[in-house]
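Student: Numbering (the UniProt record's numbering), first residue to last: 1 to 681. No residue lacks a Cβ here, since even glycine has one placed at the ideal position from N, Cα and C. All values derive from a computational prediction rather than experimental measurement.
Pasting the structure below:
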């Protein structure tokens, strides 16, 4: 067994590998860029080596620097995590040539599965179900149309070297096939330097289901059941679960056996994932093999009780698997939500900056331990740390394990309620809405779920809530506790002491100067017990909570049922307002005495400034290109600027015909949210 390993990655996956290494008594070496000098993985590792500047191409993607770091620190092996160099066959080969061990599959296996056309041929040879299609590179758009006609529409046009949603189009007719081929080829050439494109049948109402496999150097390969990964947004997974609520035992076994057959065909040694698309008739077809650890591996760890990182390390050290296929259990139900730094209410634009508050929900499961039936958080950040613009947007992975799917969903919804993130926006409201959707609860979904239900984007009104008045009642309860404390302050001016009221008016801010009012009556208040009966109109809420007034996370019971919510006083525009969050819903309201509410109604509404003649940055990021100059007339739809954030280029286009009057930002400048870039005449 190794005594020291280097982790060629960052963020939560680096922290995850370190957790297992520590459990196994293995010393760890972290590598980091200048942007990550204060990162959590650097602090957790036994040693840390600087790679270079913030951009990945100058740090985490430089194989020479990583190998040099391993040699200089005496590390015997390198774990690549996922992303970056994890599926780079040249890197895996270099590691082995330099006398180190690559904690992952052999470079030949990576090469065989890394090319979509080659891997499909291998799958066919191994008797793995493959989607009908044309597996040779297509040379022209005309040829693509002819092939699509023979296969039968709809078809999927894919770049051989594609990934992450790039180089992918679906065509339902000749015109779309012609245009889709051209777009895919150009996108593939620009993104991957490889313009080979192929076509296959598009499976309708598809599910994305993947099989986790594990092989050793003695030729043993097993499958660790499946993961349901159909909840995707723009081909990026959002929620994953294990097992799948859709497939039968017979389908599950058949998929597992075919995944093992494919892994054996390429002499696979490590953890890997064989991805399938499954149709509504449970017909399944091979998509691709990911020759690395997957982001969503924790849900498999929950239901099997196995530590996949530990298994990878043991296999890399030459140990045989210590269990057989029939010894792998499947216990309970696990769900993972990816918590990302993005604003779901602003088209999921990246959100970078400092984590002013970061309080994950209370955990009962930890990384690298076979504890189950609880809550686990895999993260690479901490309160006060930065979410940099240079890397992906993941803040954390929230994982729950229940005895069945219903319990797992309930646990996840409660855990999301208690996940406190301030300073950057997160996709927690979106996750909460997905979990509350009746089609998700029933398991009736496919990969088109988000596109179907949120075709116009995600809006505040898309967040369902069983009882939104509970949020109003909770604000009233907190306000009543605050008044109780204020009344106990000594030295109050005689005749002007704080009076304890029982009746209040809750004024909910609906935006745009519109409000909604609710009469509150608070009685039976027990300050020491943290209990009160709050009447919102004719709805009674008996709230019991020992949480303190300065706690953001509020826990307790309401009408005898446990709850977790978030509440804080003071907003940028109203220091007296409360902001309450529960079940993905967020409301801003002020709780006032009836007389104060009467006076508030007389206050004029101050409209926000008119920004219609400005191009504002929708996110923090780097202005990499400015396509307009002073005096230039730009037509609707034309490009104005390009902002780079979290490895993605975001194009800002004109929404109408405009003339540029002034340039307010320069290429190369780091922009903040809503910073003006251009002013129009």
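When you compare only the Cα positions, how much space is there between residue 310 and residue 268?
Tutor: In the chain shown, residue 310 corresponds to position 310, counting from 1. In the chain shown, residue 268 corresponds to position 268, counting from 1. Roughly 17 Å separates the two Cα atoms.
Student: Tell me, which residues are paired with residue 337 by DSSP?
Tutor: Numbered from its first residue, the chain shown carries residue 337 at position 337. Its beta-bridge partners are 239 and 398.
Student: Taking the straight line between their C-alpha atoms, what separation do you get for residue 175 and residue 169?
Tutor: The sequence position of residue 175 within the chain shown is 175, counting from 1. The sequence position of residue 169 within the chain shown is 169, counting from 1. Between residue 175 and residue 169, the C-alpha separation is close to 12 Å.
Student: For the beta strand (DSSP E) containing residue 682, name the first residue and the last one.
Tutor: Residue 682 falls outside the range modelled here, since the chain spans only 1 to 681, and no answer is possible.
Student: Report the start-end ranges of each beta strand (DSSP E) in the segment 543-580 that is 3 residues or longer and not cut off at the edges.
Tutor: With a minimum length of 3 residues, the continuous beta strand (DSSP E) runs that stay inside the segment 543-580 are 553-558 and 561-569.
Student: Put residue 72 into one of helix, strand or coil per three-state DSSP.
Tutor: Your numbering for residue 72 matches position 72 in the chain shown. Residue 72: helix per DSSP, three-state reduction.
Student: If we call anything under 9 Å between Cβ atoms a contact, is residue 221 one with residue 214?
Tutor: Mapped onto the chain shown, residue 221 falls at position 221. Mapped onto the chain shown, residue 214 falls at position 214. Yes, the pair counts as a contact, with Cβ atoms nearer than the cut-off.
Student: Give the straight-line distance between the Cα atoms of residue 463 and residue 483, rounded to the nearest whole angstrom.
Tutor: Locating residue 463 in the chain shown gives position 463, counting from the first residue. Locating residue 483 in the chain shown gives position 483, counting from the first residue. Each residue's alpha carbon lies about 32 Å from the other.
Student: Kindly indicate which residue of 48, 1 and 27 has the alpha-carbon position closest to the one of residue 10.
Tutor: As a position in the chain shown, residue 10 is number 10, starting the count at 1. Checking every option, the nearest Cα to that of residue 10 belongs to 48.
Student: Take residue 304 and list the residues in its own chain whose beta-carbon comes closer than 8 Å to its own, dropping the five residues that flank it on each side.
Tutor: As a first step, residue 304 is located in the chain shown; it is residue number 304 there, counting from the start. Closer than 8 Å at the Cβ level, and outside the excluded window around residue 304, lie 224, 225, 328, 329, 330 and 331.
Student: Using only alpha-carbon positions, find the residue among 147, 507, 96 and 232 that is nearest to residue 601.
Tutor: As a first step, residue 601 is located in the chain shown; it is residue number 601 there, counting from the start. Taking only the C-alpha atoms, the option nearest residue 601 is 507.
Student: Output the distance between the C-alpha atoms of residue 266 and residue 657, rounded to the nearest integer angstrom.
Tutor: The residue given as residue 266 occupies position 266 in the chain shown. The residue given as residue 657 occupies position 657 in the chain shown. If you take the alpha carbons of residue 266 and residue 657, they lie about 56 Å apart.
Student: Can you give the beta carbon distance from residue 275 to residue 336, rounded, assuming they're within the 8 Å contact cut?
Tutor: As a working mapping, residue 275 is identified with position 275 in the chain shown. As a working mapping, residue 336 is identified with position 336 in the chain shown. Not confirmed; about 16 Å, so no contact.
Student: Assign residue 603 to one of two classes, buried (16 or more other C-beta atoms within 10 Å of its C-beta) or exposed (fewer than that).
Tutor: For this step, residue 603 is matched to residue 603 along the chain shown. Exposed.
Student: Just verifying my parser: in three-state terms, what is the DSSP assignment at residue 44?
Tutor: Here residue 44 refers to the residue found at position 44 of the chain shown. The answer is helix: DSSP assigns residue 44 an H, G or I state.
Student: Using a Cβ-Cβ cut-off of 7 Å (strictly less than) and excluding sequence neighbours within five positions of residue 126, which residues of its own chain qualify?
Tutor: Here residue 126 refers to the residue found at position 126 of the chain shown. Counting only Cβ-Cβ distances below 7 Å, and skipping sequence neighbours, we find 261, 262 and 265.
Student: Please confirm whether residue 247 and residue 282 have their CB atoms less than 9 Å apart.
Tutor: Here the question's residue 247 lines up with position 247 in the chain shown. Here the question's residue 282 lines up with position 282 in the chain shown. In contact: residue 247 and residue 282 (Cβ atoms closer than 9 Å).
Student: I'd like the span of the alpha helix (DSSP H) that includes residue 438, first residue to last.
Tutor: Along the chain shown, one-based indexing puts residue 438 at 438. It spans 438-442 - the alpha helix (DSSP H) in which residue 438 sits, taken as one unbroken run.
Student: Buried or exposed: which applies to residue 439, given that a residue is buried once 16 or more other Cβ atoms fall within 10 Å of its Cβ?
Tutor: Locating residue 439 in the chain shown gives position 439, counting from the first residue. Exposed, because fewer than 16 other Cβ atoms sit within 10 Å of the Cβ of residue 439.
Student: Pull up the distance between the alpha-carbon of residue 631 and that of residue 651, whole angstroms please.
Tutor: Start at 1 with the first residue of the chain shown, and residue 631 comes out as number 631. Start at 1 with the first residue of the chain shown, and residue 651 comes out as number 651. Distance between the alpha carbons of residue 631 and residue 651: 21 Å.
Student: So within the segment 294-358, which uninterrupted beta strand (DSSP E) runs reach at least 3 residues, ignoring any that extend past its ends?
Tutor: Here the runs fully enclosed are 333-340.
Student: Per DSSP, what are the beta-bridge partners of residue 511 in this structure?
Tutor: Against the chain shown, residue 511 aligns to sequence position 511. According to DSSP, which records beta bridges pairwise, residue 511 is partnered with 514.
Student: From residue 471 to residue 675, what does the alpha carbon distance come to, in whole angstroms?
Tutor: On the chain shown, position 471 is the one that residue 471 refers to. On the chain shown, position 675 is the one that residue 675 refers to. Their Cα atoms are separated by approximately 33 Å.
Student: So, are the CB atoms of residue 83 and residue 378 less than 9 Å apart?
Tutor: Your numbering for residue 83 matches position 83 in the chain shown. Your numbering for residue 378 matches position 378 in the chain shown. No, Cβ-Cβ distance for residue 83 and residue 378 is not below 9 Å.
Student: So, residue 35 versus residue 14, is the Cβ gap smaller than 9 Å?
Tutor: For the purposes of this step, residue 35 is taken as residue 35 along the chain shown, with counting starting at 1. For the purposes of this step, residue 14 is taken as residue 14 along the chain shown, with counting starting at 1. Not a contact, by the Cβ cut-off of 9 Å.
Student: May I have the straight-line CA-CA distance separating residue 494 from residue 623, to the nearest angstrom?
Tutor: For the purposes of this step, residue 494 is taken as the residue at position 494 of the chain shown. For the purposes of this step, residue 623 is taken as the residue at position 623 of the chain shown. Distance between the alpha carbons of residue 494 and residue 623: 60 Å.
Student: If I measure Cβ to Cβ from residue 137 and keep anything under 6 Å in the same chain, skipping five residues before and after, which residues do I get?
Tutor: Along the chain shown, read from residue 1 onward, the residue named residue 137 stands at position 137. For residue 137, where only same-chain residues beyond five positions count, the Cβ hits under 6 Å are 196.
Student: Can you tell me whether residue 499 is buried or exposed? The criterion is at least 16 other CB atoms within 10 Å of its CB, across all chains shown.
Tutor: Stepping through the chain shown from its first residue, residue 499 is reached at position 499. Exposed, because fewer than 16 other Cβ atoms sit within 10 Å of the Cβ of residue 499.
Student: Is it right to say residue 235 is buried, meaning 16 or more other beta carbons lie within 10 angstroms of its own, or is it exposed?
Tutor: Residue 235 sits at position 235 when you count from the first residue of the chain shown. Result: exposed.
Student: Are the beta-carbon atoms of residue 388 and residue 54 separated by less than 9 Å?
Tutor: Position 388 of the chain shown, counting from 1, holds the residue named residue 388. Position 54 of the chain shown, counting from 1, holds the residue named residue 54. The answer is yes: Cβ separation under 9 Å.
Student: Which whole-angstrom value is the C-beta distance of residue 619 and residue 641, which I expect to be below 8 Å?
Tutor: The residue given as residue 619 occupies position 619 in the chain shown. The residue given as residue 641 occupies position 641 in the chain shown. At roughly 12 Å, the Cβ-Cβ gap does not stay under 8 Å, so residue 619 and residue 641 are not in contact.
Student: Any idea if residue 496 is buried or exposed, counting beta-carbon neighbours within 10 angstroms, 16 or more meaning buried?
Tutor: What you label residue 496 is simply residue 496 of the chain shown in a count that begins at 1. It is exposed - the Cβ of residue 496 has fewer than 16 other Cβ atoms within 10 Å.
Student: State the Cα-Cα distance for the pair residue 315 and residue 81, rounded to the nearest angstrom.
Tutor: Locating residue 315 in the chain shown gives position 315, where the first residue counts as 1. Locating residue 81 in the chain shown gives position 81, where the first residue counts as 1. Answer to the nearest angstrom: the Cα atoms are 15 Å apart.
Student: Could you tell me the boundaries of the beta strand (DSSP E) in which residue 625 lies?
Tutor: Position 625 of the chain shown holds residue 625. Residues 621-626.
Student: Per DSSP, what are the beta-bridge partners of residue 587 in this structure?
Tutor: Along the chain shown, one-based indexing puts residue 587 at 587. 580.
Student: Go ahead and pull the three-state DSSP assignment for residue 221.
Tutor: Within the chain shown, residue 221 is the residue found at index 221, counting from 1. Strand at residue 221.
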